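**Student:** Read left to right, the sequence shown gives residues 7 to 165 (the numbering used here).
Here it is, the structure in full.
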Amino acid sequence: MALSSPHVRPSDLATCISCGLCLNDCPTYRVLGEEADSPRGRIQLIRDLVTVEGGSVPFGSPGPPSARLVEHLEACLVCRACETACPSGVPFGRIMEGAREVLREREPTGPLTRALRRAGLDTLTRPGRLAGLARLADLARRLGLMWLAAKVPPCSPAA
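See the structure below:
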């Protein structure tokens with residue numbers, strides 16, 4: 007077995023001994039109750055995401071992850087409550103950061119999607135731009151243009 011991504015360290019993944027002591031401290035597991043929504047389950051999903059049997063697949067060439075895998079990984083709050091409960095000292099936050107980087111790399115995106123994501127990040131990180139966008143949204147609401155928002159197709163996760 008070989009890792010297909012440099013973002014997740016094999017030593018970090020190997021730290022988890024699957025004892026389950028993290029389960030009761032994970033808010034998403036407590037609410038959703040699925041193993042895949044627990045730190046232990048997510049670590050297994052991440053192993054599946056970044057591990058290649060035989061090591062024959064070069065970096066970056068595995069296809070996009072399933073929508074279900076993305077859903078479970080994105081549901082994590084990365085609150086790191088599991089880290090304090092873990093007797094093995096699993097660096098779960100670092101593992102999740104690496105896994106999300108892998109998801110971003112494998113997400114099938116075109117230039118328009120990348121430009122919109124960049125514009126969104128630029129807007130959210132600049133209070134002046136965010137305030138301007140809020141004023142524009144308020145103007146659209148007052149002009150009765152909310153029907154236009156309903157016409158925009160929803161974004162779907164990678165299948």
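The beta-carbon is built from N, C-alpha and C at its ideal position, and this holds for glycine as well.
Keep in mind the model is a prediction, meaning the values are calculated, not measured.
Take the Cβ of residue 73 as the centre, count every other Cβ of all protein chains shown within 10 Å, and call the residue buried at 16 or more, exposed below.
**Tutor:** exposed
**Student:** Go ahead and pull the three-state DSSP assignment for residue 57.
**Tutor:** Note: residue 57 maps to strand in three-state DSSP.
**Student:** Since residue 13 contacts residue 108 with CB under 8 angstroms, what's their CB separation in whole angstroms?
**Tutor:** 5 angstroms
**Student:** Counting only the same chain and skipping the five closest in sequence on each side, list residues whose C-beta sits under 8 angstroms from that of residue 115.
**Tutor:** Cβ neighbours of residue 115 beyond the five flanking positions: 123.
**Student:** If you drop the 5 nearest sequence neighbours on each side, which residues of the same chain put their C-beta closer than 6 angstroms to that of residue 88?
**Tutor:** 28, 31, 32, 45, 98
**Student:** Assuming residue 17 is part of the alpha helix (DSSP H), what are its boundary residues?
**Tutor:** 16 to 21
**Student:** How close, in whole Å, do the beta carbons of residue 76 and residue 22 come, if the pair is a contact with beta carbons under 8 angstroms?
**Tutor:** Actually they are not in contact, since the Cβ atoms of residue 76 and residue 22 sit about 21 angstroms apart, beyond 8 angstroms.
**Student:** Determine the contact status of residue 53 and residue 19, defining contact as a CB-CB distance below 8 angstroms.
**Tutor:** yes
**Student:** Should residue 130 and residue 136 be called a contact, given that it needs their Cβ atoms to be closer than 8 angstroms?
**Tutor:** yes
**Student:** Relative to the C-alpha of residue 80, which candidate in 51, 91, 93, 132 has its C-alpha closest?
**Tutor:** Closest in C-alpha terms to residue 80, from the list 51, 91, 93, 132, comes 51.
**Student:** When burial is assigned at 16 or more other CB atoms within 10 Å of the CB, is residue 71 buried or exposed?
**Tutor:** Residue burial is scored here from C-beta neighbours: residue 71 has at least 16 other C-beta atoms within 10 angstroms and is therefore classed as buried.
**Student:** Taking DSSP as the reference, what is the three-state secondary structure of residue 65?
**Tutor:** In this prediction, residue 65 has a pLDDT of 43, which is less than 50 and means its spatial position is unreliable; nothing more can be read from the coordinates.
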